[in-house]
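Top to bottom, those sequences are chains F and P. Everything in the first sequence is counted per this note's numbering, starting at 7 for the first residue and increasing by one. Everything in the second sequence is counted per this note's numbering, starting at 1461 for the first residue and increasing by one. Note that the Cβ used here is the ideal one computed from N, Cα and C, for glycine as well. Beneath this line is the structure, given in structure tokens, with notes to follow.
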Amino acid sequence: MNQKVLSQFKKGDKIEILGIICGREFTRRLCALGLFEGTEIEIVKNDNSCPIIIQILNSKIALGQGEANKIYGRKI
Amino acid sequence: MVEKSKLIIGLTGNPNTGKSTLFNALTGAKQHVGNWPGKTVEKREGNFTYKNNKIKIVDLPGLYSLTAYTEEESITADFIFEEKPDVVVQILDAQNIERNLFMTIQLIELQAPLVLVLNMDDLAKQDGMYIDTKKLSNLLHIPVVVINAKSKKGLSEMMETVFAYSNSKERSKIKLTYGTEVNDELEKIKDVIKSNEKSIKQNDLNSIAIKLLEGDLRAEQKMTHRPYYLELNALIQKSIAHLERIFDKNIHSVLANTRYGFINGLSREIITKDLSRKNNDISEKIDTLLTNKYLGIPIFLIIAWLMFQVTFGLSEPLMGWLEDLFSFIGNTLSVLLTSWQFPTWVISLVVDGIIGGVGGVLVFVPIIGILFLIMAILEDSGYMARVAYVMDKLMRRIGLHGKAFIPMILGFGCGVPAVMATRTLETKQDRILTILINPFISCGARLPVYILFVGAFFSAYQGWVIFSLYFLGLVVAIFMGLIFKRLFSKNISSPFVIELPPYRWPVLTGLMIHAWEKIWVFTKKAGTIILAFSVIIWALASFPVGVEYGSRDSLAGQMGETISPVFEPLGFGNWQSSVALIFGFVAKEVVVGTFGTLYGIEKIESDSGASSLSDALHEDFTPLSAYAFMVFVLLYIPCLAVLAVVKRETNSWKWPIFMIIYTTVIAWILAFVVFQGGKLLGFN
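See below:
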């Protein structure tokens, strides 16, 4: 299975979200923003030290690397 | 036309939708800002009239979701249920309409009397995105109005719609179905509640069931005191566990799936995209530069430096003018009251106590105003989010959140706007933590004290010594931040997630209102407390009757004498220092003036005055004790104005009092270490 955590992808990758292993509260916030299993996002910026920037629907969201390490997806 | 009783509107929406702009456009500067009762969240209310009707509009916190986990989220639900507004207006950002509709669904589920207002439609069209609002309105059974909050277009149409709606009180009949499995669980929950609450309405039942399944704290609280709660809760937990197991997802993902599925279907009906017109380029290009791994921070530092230059550059003349003004008022009143044969003590009270004390704080107004204006520009344009992004990595290393950076940087200018800026932090915990370490960051008001002592004792190394103090302040702030985190927050710092909104031109009127609002709040609240304390300090300096103002024989002097032994081990156990430090409680600049008064020197600003004060200081201080004194001034109690805003932001006296105690303790310890340690090392 071509599954990696978000922090392992690079700029321009389109990702389908497969799993989120965060606390309930954080997961809830991600869901409200449109990030949950089955949705598609795009990596806008990832330099592996600063927070990564992803595009969800039509907005740009920055996520800490720690958080990005707990979200699984595969490239499409 | 008969005047109706007040129409109440609640204004809600995602962050970055132009909600504040709309609020300001409707209420002008006639807003009242406070806190929601018992909470640390800002509440904005405004009143205006529309066609002879009185309207009250309440600005609810900007949120992405209404499931109540945090203070802000429960505020909105509370408002809808308890205050029962006539209309809830949700403002949507056309450029992000899908995500905005998530909240719309939740509002419908909460049975809010909803009217939708679509903002930034022009920007969406520029990007090639066209939204059919009529269709949206038909599909949701909710009125939808297009507006442009910046140019105030569509506002009268909005108010007409709101009015018409408030009379009809129709609710959207949309009912979201969550799929069989979820519905089954919802039915089970509803059955338990229904069998215990005979008179509950179906709509209310539906509302609360979905909220309970979501783990909404507010819904939970409503149920906890019911006799059947244990049974209900066990069922809810079982349902959640069951759903999470069969879907292999978190319950929120399960529900989001349905909600966004519905939104997806909706979007396909109402949105047409002309991709050839997509124009994200400028925003993207700017971002590549501003969020660049290597350039991001330097660019920010330059902008920050500019910010301070402009602030102090512009405010200095204004502050000088204000000082002259208060001086003039003081003198005039003095002459006037004397000629009217008022007793000396009254004159002294008014001139030295009130004008002197309050004026000394009102002098802050230009700095606060300008600083906040600049902050508002950075925030409304969207840059602030990039700052939090760029600083997050560094801040994490010292245990703080990226967003805490801005208040810290503001603290170098003035603690008052710094504390007020902590509002941008999402959790109460982060807000309080940032507020607590703020006093250690050397603010502009302490500078005169440093300049005085450094000029007298360290003339060769002035720059270095002052820099060392600023640096020490930062170190102590970071260190205390880490300690507080260790001691008080059991859970890990809140995760870093922030939206980077598209860059937008800030609205001038909005900015002015922002800045004015902050100035007004500061003046009002800080002014009243400071007035009270200024009078107290005046009294201490003037009594017993007949004594020379601020002399050794006055109460303040006596207090100084009594307290001074405490400062012996720190090297400055003279009564003048103690008195100056006491007066410095009101505002740090006062320390210098106090020394001047106590050593009997007039006009310390003049060169001759400065040197005679410097000479006078040499009698009671040594370079080492001077440094210890400056360390103490750096760290001890924040000024009255700061304490006043802390009280306001945290909604309790507990925190300001705690700050008074612990900053003084730390200041004492460190000054002690500096003085005694220095002596041991052979300095003097």
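Would you mind working out which of the options sits nearest residue i, comparing C-alpha positions?
i        : options                                   : result
M1844(P) : P1867(P), K1595(P) and N1579(P)           : P1867(P)
F1832(P) : T1804(P), I1869(P), S2011(P) and D1812(P) : I1869(P)
I1731(P) : E1533(P), L1561(P), F2055(P) and I2023(P) : L1561(P)
A2127(P) : D1553(P), A1836(P) and F1900(P)           : F1900(P)
P1877(P) : I1830(P), T1887(P), E1886(P) and Y1849(P) : I1830(P)
L1793(P) : W1781(P), V1810(P) and G1780(P)           : V1810(P)
F1653(P) : T1684(P), I1979(P) and F2045(P)           : The question names Phe, but residue 1653(P) in the sequence shown is Ile. The candidate whose alpha carbon is nearest that of I1653(P) is T1684(P).
F2135(P) : E1543(P), G2031(P), F1948(P) and L2094(P) : G2031(P)
I1938(P) : S1902(P), P1908(P) and E1959(P)           : S1902(P)
G1871(P) : A1920(P), A1764(P), T1887(P) and G1780(P) : A1764(P)
N1898(P) : Y1921(P), L2103(P) and K1853(P)           : L2103(P)
V1914(P) : H2078(P), T2022(P) and L1690(P)           : H2078(P)
L1596(P) : S1611(P), L1578(P) and N1752(P)           : L1578(P)
T1487(P) : G1819(P), G1506(P), V2125(P) and P1573(P) : G1506(P)
V1518(P) : I2121(P), I1997(P) and H1492(P)           : H1492(P)
M1851(P) : I1837(P), D1840(P) and I1958(P)           : I1958(P)
P1908(P) : Y1921(P), R1891(P) and I1926(P)           : I1926(P)
Count the other CB atoms within 10 Å of the CB of residue i; is the residue buried (16 or more) or exposed (fewer)?
i        : result
Q1801(P) : exposed
S1616(P) : exposed
L2141(P) : exposed
F1788(P) : exposed
T1509(P) : exposed
I1515(P) : buried
W1965(P) : exposed
L1968(P) : exposed
I1660(P) : exposed
T2054(P) : buried
F15(F)   : buried
K1633(P) : exposed
V1462(P) : Residue placement at V1462(P) is poorly supported in this model, since its pLDDT is 48, which falls under 50; the coordinates still yield a value, given next. The residue is exposed, with fewer than 16 neighbouring Cβ atoms inside 10 Å.
L1896(P) : buried
G70(F)   : buried
L1960(P) : buried
K2063(P) : A caution first: K2063(P) carries a pLDDT of 45, below 50, which makes its placement in the model unreliable, though a value can still be read off. Per the 10 Å Cβ criterion, exposed.
V2005(P) : exposed
K1479(P) : buried
Please report the straight-line C-alpha distance between residue i and residue j, rounded to a whole angstrom.
i        : j        : result
T1798(P) : S1808(P) : 10 Å
P57(F)   : Q1555(P) : 24 Å
L1778(P) : D1784(P) : 10 Å
V1847(P) : K1863(P) : 8 Å
I29(F)   : A2001(P) : The identity of residue 29(F) in the sequence shown is Gly, whereas the question assumes Ile. Taking the straight line joining both Cα atoms gives about 57 Å.
T1804(P) : V1995(P) : 15 Å
S1727(P) : M2119(P) : 52 Å
D19(F)   : R1686(P) : 51 Å
L1672(P) : E1776(P) : 56 Å
F1444(P) : D2075(P) : Beyond the ends of chain P as shown, which are 1461 and 2144, falls residue 1444(P); an answer cannot be given.
N1693(P) : I1706(P) : 20 Å
V1923(P) : R1856(P) : For the sequence presented, residue 1923(P) should be read as Gly rather than Val. Rounded to the nearest angstrom, the two C-alpha atoms are 30 Å apart.
T1536(P) : L1677(P) : 13 Å
P2098(P) : S1626(P) : 49 Å
F2045(P) : L2100(P) : 6 Å
E22(F)   : L39(F)   : 15 Å
L1526(P) : S1534(P) : 8 Å
L1467(P) : N1513(P) : 8 Å
K1753(P) : K1745(P) : 14 Å
What is the C-beta distance between residue i and residue j, in whole angstroms, given that I count them as a contact (C-beta under 8 Å)?
i        : j        : result
G1619(P) : N1474(P) : Looking at the sequence provided, one finds Met at residue 1619(P) rather than Gly. Rounded, the Cβ-Cβ distance is 22 Å, inconsistent with contact.
T1771(P) : G1873(P) : 6 Å
T33(F)   : N1717(P) : Not quite, the Cβ-Cβ distance comes to about 13 Å (not below 8 Å), so this is no contact.
V1547(P) : V1575(P) : 6 Å
L41(F)   : I62(F)   : 5 Å
I1591(P) : I1557(P) : 6 Å
I1762(P) : G1790(P) : Not quite, the Cβ-Cβ distance comes to about 41 Å (not below 8 Å), so this is no contact.
E1569(P) : I1670(P) : 6 Å
*asked:* Please give the ranges of any alpha helix (DSSP H) in the stretch 1528-1590 of chain P, keeping only runs that are unbroken, at least 4 residues long and fully inside the region.
replied: DSSP runs (the alpha helix (DSSP H)) wholly in the stretch 1528-1590 of chain P: 1531-1538, 1557-1569 and 1581-1586.
*asked:* Which complete beta strand (DSSP E) runs does the stretch 1595-1645 of chain P hold, if anything under 3 residues is left out?
replied: 1604-1606
*Tell me the start and end of each unbroken beta strand (DSSP E) in the stretch 1719-1759 of chain P that is at least 3 residues and wholly inside, in chain order.*
1731-1733
*Any chance you could list the beta strand (DSSP E) runs of at least 3 consecutive residues sitting entirely within the stretch 42-72 of chain F, in chain order?*
Counting whole runs of 3 or more residues, the stretch 42-72 of chain F contains the beta strand (DSSP E) stretches 46-51, 58-62 and 65-69.
*Could you give the uninterrupted runs of the alpha helix (DSSP H) lying entirely in the stretch 1646-1684 of chain P, keeping only those of 4 residues or more?*
1662-1674 and 1677-1684
*Can you list the alpha helix (DSSP H) stretches of 4 or more residues lying completely in the stretch 1972-2031 of chain P, in chain order?*
1987-2002 and 2015-2027
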